[in-house]
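A.B. asks:
Number of protein chains: 2
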Amino acid sequence: MPPRYHRLMTRPLSHPDGAGVTLAGLLFALADPVRLAIVRELLKSPAGLNCTETTARIGLSMPKSTCSQHYRILRESGLIASERRGTELVSRVRAQLLTERFPGLLESVIAAYERERPAALRRRASRVSAAG
Amino acid sequence: MPPRYHRLMTRPLSHPDGAGVTLAGLLFALADPVRLAIVRELLKSPAGLNCTETTARIGLSMPKSTCSQHYRILRESGLIASERRGTELVSRVRAQLLTERFPGLLESVIAAYERERPAALRRRASRVSAAG
DNA sequence: CCTATAGTTCCCAAGTATTGAACTACGGAA
DNA sequence: TTCCGTAGTTCAATACTTGGGAACTATAGG
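First to last, the sequence lines map onto chains A and B. Everything in the first sequence is counted per the numbering used here, starting at 4 for the first residue and increasing by one. Everything in the second sequence is counted per the numbering used here, starting at 4 for the first residue and increasing by one.
1) Over what stretch of residues does the alpha helix (DSSP H) that includes I83 (chain A) continue unbroken?
2) If you count every other CB in all the chains shown that lies within 10 Å of the CB of C106 (chain B), and 16 or more means buried, which is it?
3) Just the chain B side, please: which residues come within less than 7 angstroms of P36 (chain A) by C-beta, in chain order?
4) Beta-carbon separation of L82 (chain B) and A32 (chain B) under 7 angstroms?
5) Helix, strand or coil for R43 (chain B), going by three-state DSSP, please let me know.
6) So, for V24 (chain B): in the same chain, excluding its five sequence neighbours on each side, which residues have a beta-carbon less than 6 angstroms away from its beta-carbon?
7) Quick one: measure Cβ to Cβ for R78 (chain A) and H18 (chain A), integer angstroms, because I've assumed they're closer than 8 angstroms.
8) Return helix, strand or coil for L92 (chain B), following the three-state DSSP convention.
9) Could you pull out every residue in the same chain whose Cβ sits closer than 7 angstroms to the Cβ of S111 (chain A), ignoring the five residues on either side in sequence?
10) Assign L52 (chain B) to one of three DSSP states: helix, strand, or coil.
11) With three or more beta-carbon pairs closer than 8 angstroms as the criterion, would you say the region 35–50 of chain B touches the region 43–56 of chain A?
12) Alpha carbon to alpha carbon, how far is R87 (chain A) from K67 (chain A)?
13) Are the C-beta of Y116 (chain A) and some C-beta of chain B separated by less than 7 angstroms?
14) Tell me, please, whether the CB atom of E119 (chain A) is closer than 7 angstroms to any CB atom in chain B?
15) Could you check the C-alpha separation between L29 (chain B) and A34 (chain A) for me, to the nearest Å?
16) Could you list the residues in the region 32–56 of chain B with a C-beta less than 9 angstroms from some C-beta on chain A, going in chain order?
17) Answer with buried or exposed for A115 (chain A), where buried requires no fewer than 16 other C-beta atoms within 10 angstroms of its C-beta.
18) Between the region 47–56 of chain B and the region 51–65 of chain A, do at least 3 Cβ pairs fall closer than 8 angstroms?
19) Please return the same chain residues whose Cβ sits closer than 7 angstroms to the Cβ of L16 (chain A), not counting the five positions on each side in sequence.
20) Pull up the distance between the alpha-carbon of E119 (chain B) and that of S48 (chain B), whole angstroms please.
21) Run down chain A in chain order and give the residues with a C-beta less than 7 angstroms from the C-beta of V96 (chain B).
22) Going by beta carbon distance, what residues of the same chain come within less than 6 angstroms of L101 (chain A), once the five residues before and after it are set aside?
23) Could you give the distance in angstroms between the alpha-carbon of V37 (chain A) and the alpha-carbon of I61 (chain A)?
24) Quick check on DSSP: helix, strand or coil for S132 (chain A)?
25) By the criterion of Cβ-Cβ separation under 8 angstroms, what are the contact partners of V93 (chain A) in chain B?
26) Candidates B:T69, B:G21, B:L39, B:C70: which alpha carbon is nearest I113 (chain B)'s?
27) Spell out whether any CB of chain A is found under 7 angstroms from the CB atom of S71 (chain B).
28) Given that a residue counts as buried once 16 or more other Cβ atoms are within 10 Å of its Cβ, and exposed if not, what is S71 (chain A)?
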């Protein structure tokens with residue numbers, strides 16, 4: 004039996020637009036603490052980050068498959084755009100799209116995130132990633 | 004075997020406060036379209052609404068058990084406060100608490116909800132859009 | 001008491017998440 | 001070219017979560 008997903012890996016990544024970006028989808032994507040931390044980290048690097056690098060920066064070790072799933076959900080919700088560069092998948096937050104579709108939404112979620120997490124904790128997470 | 008939940012129904016309802024109200028909890032609660040619609044409906048009735056009445060107003064028929072679960076999740080996230088009045092459980096949005104803890108968050112989520120659903124659609128809210 | 005109404009709890013089927021293993025894809029070195 | 005290392009995807013198995021029917025508690029009004 005041949006592998007069922009032959010040639011599927013280079014298929015175009017789905018990036019919803021317009022009405023394809025739904026509030027429920029965005030909130031669902033953001034409701035997971037890991038995904039919220041990923042988005043926060045991506046916002047700090049407008050040039051984009053790959054999966055491995057983001058994982059390292061948020062100071063969480065998680066299997067590649069889990070990370071890949073989280074990125075897929077973020078991408079399919081419209082929160083991030085991903086682009087293949089060689090073996091990497093570089094992602095960044097779709098700030099303009101989000102501002103057009105739901106102005107202020109992402110900003111207030113991130114503001115709430117900052118308010119909930121004391122700065123000391125965030126610095127420690129950065130140091131862990133720098134060390135490892 | 005006696006019913007395991009004897010006398011449990013009148014136990015005090017849990018209403019988190021302060022750090023017990025988390026961003027992840029709120030986003031999780033709001034990420035469900037039914038719960039978001041419930042919150043929107045409760046906001047329109049500051050005096051509070053019971054479960055049956057809210058369900059009727061959002062134009063969705065759902066089993067009591069499902070409704071009860073949604074209300075429990077909303078309550079335990081900190082979004083709503085519920086009070087027993089006779090046989091009813093009257094709930095309302097904890098606007099003040101939410102403003103103190105995460106100012107602007109609920110407002111921008113509701114604004115996004117209004118932006119997504121045109122008023123005409125909201126009047127006949129029984130069908131969920133199949134657009135993708 | 002009885003009956004109606006409001007909501008809760010339990011349970012199970014159906015759905016979703018997590019993650020190790022197997023895999024594709026690409027870049028660089030030999 | 002072929003092989004290797006790295007990056008990420010897909011699949012499958014298992015663990016967890018959710019929706020809703022049935023059975024239940026609680027209260028109000030006869």
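Built from N, CA and C at the ideal position, the CB exists for glycine as well.
C.D. replies: So, from the listed chains and residues:
1) As a position in the first sequence, residue 83 (chain A) is number 80, starting the count at 1. Counting along the chain, I83 (chain A) falls outside any alpha helix (DSSP H), though it belongs to the beta strand (DSSP E) covering 83–88.
2) Your numbering for residue 106 (chain B) matches position 103 in the second sequence. One point to set straight first is that residue 106 (chain B) is Pro, not Cys, in the sequence displayed. Counting every other CB atom within 10 Å of its CB across the protein chains shown gives P106 (chain B) a total below 16, marking it as exposed.
3) Looking up residue 36 (chain A) in the first sequence gives position 33. Within 7 angstroms of the CB of P36 (chain A), the CB atoms of chain B belong to A27, in sequence order along the chain.
4) Numbered from its first residue, the second sequence carries residue 82 (chain B) at position 79. Numbered from its first residue, the second sequence carries residue 32 (chain B) at position 29. The Cβ-Cβ distance between L82 (chain B) and A32 (chain B) falls below 7 angstroms.
5) Within the second sequence, numbered from 1, the residue matching residue 43 (chain B) stands at position 40. The answer is helix: DSSP assigns R43 (chain B) an H, G or I state.
6) Residue numbering aside, residue 24 (chain B) sits at position 21 when the second sequence is read from its first letter. If we look at V24 (chain B) and ignore the five residues flanking it on each side, its Cβ neighbours are G81, R104.
7) Position 75 of the first sequence, counted from the start, is the residue given in the question as residue 78 (chain A). Position 15 of the first sequence, counted from the start, is the residue given in the question as residue 18 (chain A). Sure, about 7 angstroms apart at Cβ, within 8 angstroms.
8) By 1-based counting over the second sequence, the position of residue 92 (chain B) is 89. Note: L92 (chain B) maps to strand in three-state DSSP.
9) Numbered from its first residue, the first sequence carries residue 111 (chain A) at position 108. The same chain holds no residue with a CB closer than 7 angstroms to that of S111 (chain A) once the five nearest residues on each side in sequence are set aside.
10) Mapped onto the second sequence, residue 52 (chain B) falls at position 49. Here L52 (chain B) carries a strand assignment [DSSP, helix/strand/coil].
11) No, because fewer than three Cβ pairs between the region 35–50 of chain B and the region 43–56 of chain A fall closer than 8 angstroms, the two stretches do not touch.
12) By 1-based counting over the first sequence, the position of residue 87 (chain A) is 84. By 1-based counting over the first sequence, the position of residue 67 (chain A) is 64. Distance between the alpha carbons of R87 (chain A) and K67 (chain A) is about 16 angstroms.
13) Stepping through the first sequence from its first residue, residue 116 (chain A) is reached at position 113. Y116 (chain A) counts as touching chain B.
14) Reading the first sequence from its first residue, position 116 is the one you call residue 119 (chain A). Yes, E119 (chain A) counts as interfacial toward chain B.
15) Counted from its first residue, the second sequence places residue 29 (chain B) at position 26. Counted from its first residue, the first sequence places residue 34 (chain A) at position 31. Going by the C-alpha atoms only, they are around 8 angstroms apart.
16) Within the region 32–56 of chain B, contact with chain A at the beta-carbon level (separation under 9 angstroms) is assigned to A32, L33, A34, D35, P36, L39.
17) Taking the first residue of the first sequence as position 1, residue 115 (chain A) is located at position 112. Per the 10 Å Cβ criterion, buried.
18) The region 47–56 of chain B, when compared against the region 51–65 of chain A, does not touch it at the 8 angstroms Cβ threshold.
19) Residue numbering aside, residue 16 (chain A) sits at position 13 when the first sequence is read from its first letter. So the list reads R78, S85, once near-sequence residues are dropped.
20) If you number the second sequence from 1, residue 119 (chain B) lands on position 116. If you number the second sequence from 1, residue 48 (chain B) lands on position 45. Approximately 21 angstroms between the Cα atoms of the pair.
21) To locate residue 96 (chain B), count along the second sequence from 1; it is residue 93. Those do not exist, as V96 (chain B) stays about 16 angstroms from chain A at its closest Cβ, beyond 7 angstroms.
22) Your numbering for residue 101 (chain A) matches position 98 in the first sequence. Residues L109 of the same chain have their beta carbon placed closer than 6 angstroms to that of L101 (chain A), with the five preceding and five following residues left out of the count.
23) As a first step, residue 37 (chain A) must be located in the first sequence, where it is residue number 34. As a first step, residue 61 (chain A) must be located in the first sequence, where it is residue number 58. Rounded to whole angstroms, the separation of the alpha carbons of I61 (chain A) and V37 (chain A) is 9 angstroms.
24) By one-based count along the first sequence, residue 132 (chain A) stands at place 129. Any reading at S132 (chain A) must be qualified, since the residue scores a pLDDT of 35, below 50, and its modelled position is unreliable; no value is offered.
25) As a working mapping, residue 93 (chain A) is identified with position 90 in the first sequence. Within chain B, no residue comes near V93 (chain A); the closest Cβ sits about 26 angstroms away, beyond 8 angstroms.
26) One-based indexing of the second sequence puts residue 113 (chain B) at position 110. Selected option, being the one with the closest Cα: B:L39.
27) Locating residue 71 (chain B) in the second sequence gives position 68, counting from the first residue. Residue-level contact by beta carbon fails for S71 (chain B) and chain A, as no gap is shorter than 7 angstroms.
28) In the first sequence, counting from the first residue as 1, residue 71 (chain A) sits at position 68. Classification for S71 (chain A): exposed.
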